[in-house]
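J.: Would you mind keeping the following structure in view while I ask a few things?
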């Protein structure tokens, strides 16, 4: 199209129709010390405004050439608009009170780079740190990228004061090595078709939202008022280097694995949900504190495994659910103590999953449902406290209509149940294992209701000061070692020496 140069050294320019149909215009250059207002959609090869005056945008701007859009003056956004171009440069403040602004490349699958100082690479849409800082507070939403945008990468730390979406509709987002910070009312959303790899997202006053259709999520630190992570089947991995808290997390992997690894404390706080639908859940830290349920259950297949490991302290969690047509295994290991909600590793058709709860100190669980389905066996259950007590504080009605605190019954047989505690008679502390104590306290040892494998059951109202086994149910403790007193070897009675008969005198 033809080039257009508009000059108004001392006046305003109002444009109500500029290259809005056909192939558009060529290069548009505007020189005005007043207000230049675009009231209609612009299609051109490039757009350049000078450093004087103000540019007001009331409609979308699209530039198709490599020079893109260059705004030398201040820019006021008057409506919800989209700026489309493979190069978009701001050299002054950009304001948009209660409006939405989208910045996106023109070319399909064209990459975007945020942060840093370089603005000279014509093969990528650069939004430098300076340009992002020109975006004034007050936008309802700022979107970078679109469904047709390629890779989004970071060249430095960036900060946003308003809600922002980074959208790579055809590729991945990579900000590893840099920090994205949100202040004021910012919410930080990353949407990608493939992987999302980030180091630090710091947004204490707002939400953090990640969604990938076909990739995985990898992060080092996420601090937000609420954190929402969703994949279409990819894994979510958080590798941390410090104490870590997820507030009000909602995690959906649709079959992918979810893992958090930290050399310090992990906390999952508030309300939310961790749902992997068959994917494994793995957490490893010095201490783990979760107010959120862990759900790897899968109603259409096998439940995922749940593995929680504390290397130094305690584990405290809400409910753990790995149920499915076949149940997944649940393993919780800590050197001090373990407290969990309900544990459900049941299989509705086939086998139930195994359950291992193994601290040095006390074990406290609400209930354990490791039942198998009609075609399977129940899972094996091991509750082991090498230095404390074991408490299972609630109950449920199992498949055999037994009110049980622990059930491993299955259509093809029950799994074993082994309970090891340190309340036996040999050493302090001493506490009999009580089956059927509905008022268990932290000083007690036992279950609220029956313990059953289907074939064998320990009913309520039983107390075991020592180890006890029936079938494949074993309650083991530190019994007194009763060694029988050996029978002394009898001392033989000495045989008397016979007195010789005297020989008669002839």
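In the UniProt record's numbering, the protein residues as written are 1 to 506. In this text, a Cβ means the ideal position worked out from N, Cα and C, and glycines have one as well.
(1) Could you check where the beta strand (DSSP E) with residue 269 kicks off and where it finishes?
(2) Given a threshold of 16 other Cβ atoms within 10 Å of its Cβ, counted over all protein chains shown, does residue 11 qualify as buried or as exposed?
(3) Which value, in whole angstroms, describes the spacing of the CA atoms of residue 100 and residue 142?
(4) Anyone know if the C-beta pair for residue 103 and residue 127 falls short of 9 Å?
(5) Determine the burial state of residue 442: buried for a count of at least 16 other Cβ atoms within 10 Å of its Cβ, exposed for fewer.
(6) Going by C-alpha distance, which of 454, 167 and 477 is nearest residue 471?
(7) Could you spell out where the alpha helix (DSSP H) holding residue 440 opens and where it closes?
(8) Give the secondary structure of residue 122 by DSSP, where H, G and I count as helix, E and B as strand, and everything else as coil.
(9) Which partner residues of residue 391 appear in the DSSP bridge assignment?
(10) Under three-state DSSP, which class holds residue 130?
(11) Based on the DSSP output, what are the partners of residue 420 in its beta bridges?
(12) Under a three-way DSSP split, which group does residue 225 fall into?
(13) Could you give the uninterrupted runs of the beta strand (DSSP E) lying entirely in the stretch 317-371, keeping only those of 3 residues or more?
(14) What residues in its chain sit with their C-beta under 7 Å from that of residue 139, if we drop five residues either side in the sequence?
(15) What are the residues that DSSP puts in a beta bridge with residue 261?
(16) In whole angstroms, give me the CA-to-CA distance for residue 121 and residue 42.
(17) Using the Cα positions of residue 176 and residue 217, report the straight-line distance between them to the nearest angstrom.
(18) If you compare alpha carbons, which of 17, 170, 6 and 402 is closest to residue 33?
(19) Beta-carbon within less than 6 Å of residue 40's beta-carbon, same chain only, minus the 5 sequence neighbours each way: which residues are those?
(20) Closest to residue 262 by C-alpha separation, out of 193, 215, 237 and 70, would be which residue?
(21) Give me the Cβ distance between residue 186 and residue 173, rounded to the nearest whole Å; I'm assuming they're in contact under 8 Å.
(22) Who are the near neighbours of residue 464 in its chain, counting only those whose CB is closer than 7 Å to its CB and skipping five residues on each side?
(23) What is the rounded straight-line gap between the Cα of residue 298 and the Cα of residue 287?
(24) Restricting to Cα atoms, I'd like to know which of 264, 275 and 235 is closest to residue 257.
T.: According to the structure shown:
(1) As a working mapping, residue 269 is identified with position 269 in the chain shown. Counting along the chain, the beta strand (DSSP E) containing residue 269 begins and ends at 265-269.
(2) Taking the first residue of the chain shown as position 1, residue 11 is located at position 11. Under this definition residue 11 is an exposed residue.
(3) The count along the chain shown starts at 1 and reaches residue 100 at position 100. The count along the chain shown starts at 1 and reaches residue 142 at position 142. If I take the Cα positions, the gap works out to 6 Å.
(4) Residue numbering aside, residue 103 sits at position 103 when the chain shown is read from its first letter. Residue numbering aside, residue 127 sits at position 127 when the chain shown is read from its first letter. Yes, these two residues count as a Cβ contact at 9 Å.
(5) Taking the chain shown and counting its residues from 1, the one referred to as residue 442 is at position 442. Burial call: exposed.
(6) Against the chain shown, residue 471 aligns to sequence position 471. With distances taken between Cα atoms, residue 471 lies closest to 454.
(7) Taking the first residue of the chain shown as position 1, residue 440 is located at position 440. From DSSP, residue 440 is part of no alpha helix (DSSP H); its letter is neither H nor E.
(8) Sequence index remark: in the chain shown, residue 122 carries index 122 (1-based). Residue state, collapsed to three classes: coil.
(9) Here the question's residue 391 lines up with position 391 in the chain shown. Answer is 364 and 446, bridged to residue 391.
(10) Counted from its first residue, the chain shown places residue 130 at position 130. Helix.
(11) Counting from 1 along the chain shown, the entry for residue 420 is found at position 420. 384 and 476.
(12) Residue numbering aside, residue 225 sits at position 225 when the chain shown is read from its first letter. Correct three-state label for residue 225: strand.
(13) 324-326, 330-334, 342-344, 355-359, 363-365 and 367-369
(14) By one-based count along the chain shown, residue 139 stands at place 139. Here the set comprises 96, 99, 100, 101 and 162.
(15) Here residue 261 is taken as the residue at index 261 of the chain shown, counted from 1. Answer by DSSP bridge pairing, in chain order: 239 and 284.
(16) Locating residue 121 in the chain shown gives position 121, counting from the first residue. Locating residue 42 in the chain shown gives position 42, counting from the first residue. The straight-line gap from Cα to Cα measures roughly 24 Å.
(17) For the purposes of this step, residue 176 is taken as the residue at position 176 of the chain shown. For the purposes of this step, residue 217 is taken as the residue at position 217 of the chain shown. Rounded to whole angstroms, residue 176 to residue 217 spans 12 Å at the Cα level.
(18) Here residue 33 is taken as the residue at index 33 of the chain shown, counted from 1. For the residues 17, 170, 6 and 402, the minimum Cα distance to residue 33 belongs to 6.
(19) Numbered from its first residue, the chain shown carries residue 40 at position 40. Cβ neighbours of residue 40 beyond the five flanking positions: 16, 17, 20 and 59.
(20) As a position in the chain shown, residue 262 is number 262, starting the count at 1. Checked all of 193, 215, 237 and 70; the closest Cα to residue 262 is 237.
(21) As a working note, residue 186 is residue 186 in the chain shown. As a working note, residue 173 is residue 173 in the chain shown. Going by Cβ atoms, the distance from residue 186 to residue 173 rounds to 17 Å, so no, they are not a contact pair.
(22) By one-based count along the chain shown, residue 464 stands at place 464. Cβ within range, chain order: 432, 433 and 475.
(23) Counting from 1 along the chain shown, the entry for residue 298 is found at position 298. Counting from 1 along the chain shown, the entry for residue 287 is found at position 287. Taking the straight line joining both Cα atoms gives about 28 Å.
(24) As a working mapping, residue 257 is identified with position 257 in the chain shown. Among 264, 275 and 235, the Cα nearest to that of residue 257 belongs to 235.
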